[in-house]
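The working numbering applies: residue 1247 is where the sequence shown begins, and numbers increase by one.
The C-beta atom is built at its ideal place from N, Cα and C for all residues, glycine as well.
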Amino acid sequence: MLENLTGDGLEADRYFGYMMGYFTESPKGLANTFALHLAASRDGKNWTPLNDGRPVLLPEIGERGMRDPFIFRKQDGQYIVVGTNMWNSESILCYDSPDLVRFEAGRLLRLQSDLCELYGGFPERHGTRSLLRSWI
């Protein structure tokens, strides 16, 4: 729930606006943070980084970094976060979260080797969003 992340204590509709997961990377590598950052928007155009721009999840499994995060809201209102396990990995990272503040049950989901070659570890570029949903 977004109101938990903003910390303003205001009562709000359960779901409003947009939430974006991202990682940071710079051309010279000075601002790289391969971890889950969150930003919120009410209109989908203007974004505000949450948690003072710091990551909300620093992966401690796999290659200890996350790229290309996806956030899925489950029917029960909880979330699943998936992301690539850095570069050229045969696995993706997967975490459960009740509120996008706490992350639990971090695990690696191994991709089939032929999918790794075909998709190169970056599922969003290849329309595999529905495939990810079936795995999680």
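| Check | Outcome |
| --- | --- |
| Where do the ends of the beta strand (DSSP E) carrying Val1347 lie? | Unbroken run through Val1347: none, as it is neither H nor E. |
| Taking 8 Å as the limit between beta carbons, can you name the residues of its chain near Ser1337, skipping five residues before and five after? | Gly1308, Asn1331, Leu1354, Leu1355, Arg1356, Leu1357 |
| Using 7 Å as the threshold, is the C-beta distance between Leu1282 and Val1302 below it? | yes |
| Classify Gly1299 as helix, strand or coil using the three-state DSSP reduction. | helix |
| Which value, in whole angstroms, describes the spacing of the CA atoms of Glu1350 and Phe1316? | 16 Å |
| Would you tell me roughly how many angstroms separate the C-alpha atoms of Tyr1264 and Leu1284, rounded to the nearest one? | 10 Å |
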